[in-house]
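J.: So the sequence shown is residues 0 to 308, counted in numbering that gives the first Met the number 0. All residues carry an ideal CB built from backbone N, CA and C; glycine is no exception. Please read these numbers as outputs of a predicted model, since none were measured by experiment.
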Amino acid sequence: MPQPRICVIGSLNMDLVVQAPTLPAPGQTVLGGPFATFPGGKGANQAVAAARAGADVHMVGAVGDDGYGEALRAGLARERIEHAKVLRRDGVSSGVALIAVAPDGQNTIIVAPGANASLMVEEIDRASGIIAEADALLLQLEVPLPVIARAANHARQASTLVILNPAPAQPLPREMLAAADFVVPNETEVAALTGVLPVDWSSAEVAVQRLVEAGARSVLVTLGSRGALLWHNGQAHQQPAFNVRALDATAAGDAFLGAFAVALAEGQPAAEAARWGAAAGALAATVTGAQPSLPSREKILSLLASPPG
Ligand code: ADP
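1. Using 8 angstroms as the Cβ pair cut-off and three pairs as the minimum, do the region 146-153 and the region 110-124 touch?
2. At which residue ranges does the region 205-288 contain complete beta strand (DSSP E) runs of 3 or more residues, listed in the order of the chain?
3. Can you give me the Cβ contacts of residue 309 inside the same chain, cut-off strictly under 6 angstroms, excluding the 5 residues immediately before and after it?
4. Find out if the Cβ-Cβ distance for the pair residue 282, residue 253 is shorter than 9 angstroms.
5. Residues around the ligand ADP, please: the condition is that the C-beta lies closer than 6 angstroms to some non-hydrogen atom of it.
6. Within the continuous beta strand (DSSP E) that includes residue 81, where are the two ends?
7. What are the complete alpha helix (DSSP H) segments, minimum 4 residues, inside the region 51-116?
8. If I measure Cβ to Cβ from residue 226 and keep anything under 8 angstroms in the same chain, skipping five residues before and after, which residues do I get?
9. Look at residue 55 and residue 5 and say whether their C-beta atoms are less than 9 angstroms apart.
10. Between which two residues does the alpha helix (DSSP H) harbouring residue 183 extend?
11. Could you check if residue 51 is buried or exposed, using at least 16 other CB atoms within 10 Å of its CB as the buried criterion?
12. Only counting the same chain, and skipping five residues up and downstream in sequence, which positions put a Cβ closer than 6 angstroms to that of residue 17?
13. Just to confirm the assignment, what range does the beta strand (DSSP E) spanning residue 15 have?
14. Here's the rule: buried if 16 or more other CB atoms are within 10 angstroms of the residue's CB, otherwise exposed. What is residue 144?
15. Could you say which of 29, 223, 47 lies nearest to residue 243 if we only look at CA atoms?
16. Do residue 228 and residue 213 have their beta-carbon atoms positioned less than 9 angstroms apart in this structure?
17. With residue 24 as the anchor, note down where its alpha helix (DSSP H) starts and where it stops.
18. From residue 133 to residue 29, what distance separates their C-alpha atoms?
19. Check whether the Cβ atoms of residue 61 and residue 127 sit closer than 9 angstroms, and answer yes or no.
20. Please determine, among 21, 111, 167, 105, the residue with the shortest C-alpha to C-alpha distance to residue 312.
21. Could you tell me the distance, in whole angstroms, from the CA atom of residue 11 to the CA atom of residue 267?
22. Which same chain residues end up closer than 6 angstroms to residue 80 when comparing Cβ atoms and leaving out the 5 residues on each side of it in sequence?
23. What's the call for residue 232, buried or exposed, on a 16-neighbour Cβ count within 10 Å?
24. Just how far apart, CA to CA, sit residue 272 and residue 303?
25. Would residue 290 pass as a contact of residue 38 if the rule is Cβ separation under 9 angstroms?
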C-alpha cells in the first residue's frame, strides 16, 4: 500500500521547561532546578505522531529567525517530515511555551505564539497543491482562525479529508465546524464548546449531540483513560481505552490524532481509525514527555493485535 499523505497546518513551539521547588507568586523570584528545551506545539506534535504512525507528512507553519526556529525545523527533518512550507520569519521570535513545574507536578505555562500568529491566508493559498495532494488535512487552533478556515476550504474543494482538533478551545462559527469531516476535541475542549462536561458515556453522547447541533458532521471525543466516543453516520460508537500502565498522559491526544488521521487516510472505517487513535494514545501515556512518547507504527500495530484487557 502506498504511504498515506497527511498535511498538517499548525503550530511549532519550543517548550522551555524548568523544575522549581515552588511556583513563583506574583513579584517573587524562585531559584529553579534543571532546565531543558523540548520541541512541541500541537501542530508539530501531531505531524510527528502521523509520521511515526506511517504517513508521508507535509507540515505548513511558521517559525522565527532564532535558534529555536532552526531546532524546530531540524526536528521535523529528523522525522522525515517535509517542511519546505515551515516559513522562517525575519525579526520575529519562534513560538515558545514557558513552563515551570513544581515537585507535585503542578505547573504554570505561558505560551508566546510568536511566528505561529503570523501565518497568512495567502500562504495557505500557496500551499493549496500540498493540501490537494494529501489524503487528509489535520488542523488545530494554535494558528489564526482565518488560516484554518481557508485551509479547510482548499481541502474540501480537493476532496481531502479534514480533521479538526479544536484545541485550545475557542468559540467556533458553524461554518468552521461544518467544514471538518471529523471534529476531535478532548473532554475540556468539548465542555468549552458545548457547556457539557463528559463524565461518563451518556454525558459524552449529550456533548456530542450539542456539537452536531452546532454544525459538526462527525465527532470523536477523547475521554482520557476511558477511551473515546465516535459519532459518525448518525451512530454512536464507544471505543474503550487500551489497558496500559499509564505514566504521563502528555501528548496522548496528539498521538491519538496522528494515528486516527493515518488510519482514515489509509481508507480504514472511522471506528477502526478510532481504535488506532486509542492504541496510539494509550502508548503515549506509558512514556513521559510529549514528542518522545509518540509511538511508532510498529508499536501501534502490535497493541492493536494484542488481546483486549
Ligand atoms: P488529551 O491529551 O488531549 O487530553 P486524552 O487525555 O483524552 O487527550 O487522551 C487521548 C486518548 O489517549 C484517549 O482517548 C485514550 O484513548 C488514550 N489515553 C489517554 N490516557 C490513557 C490512559 N491512561 N490509558 C489508556 N489510554 C489512554
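T.: Based on what the coordinates show:
1. yes
2. 218-221, 226-231, 234-239
3. In this structure the chain extends from 0 to 308, so residue 309 is not present and cannot be described.
4. no
5. 185, 221, 222, 223, 224, 226, 227, 240, 241, 243, 245, 248, 251, 252, 255, 277, 280, 281, 284
6. 81-88
7. 66-77
8. 237, 238, 239, 240, 277
9. yes
10. Here residue 183 belongs to no alpha helix (DSSP H), and DSSP marks it neither H nor E.
11. buried
12. So the qualifying residues of the chain are 31, 34, 99.
13. 12-18
14. exposed
15. 223
16. no
17. Residue 24 -> no alpha helix (DSSP H), and no H or E assigned at all.
18. 48 angstroms
19. no
20. A question about residue 312 goes unanswered here, because the residues of the chain that appear run from 0 up to 308.
21. 29 angstroms
22. 46, 50, 56, 58
23. By the neighbour-count criterion, in which a residue is buried when 16 or more other Cβ atoms sit within 10 angstroms of its Cβ, residue 232 is exposed.
24. 11 angstroms
25. yes
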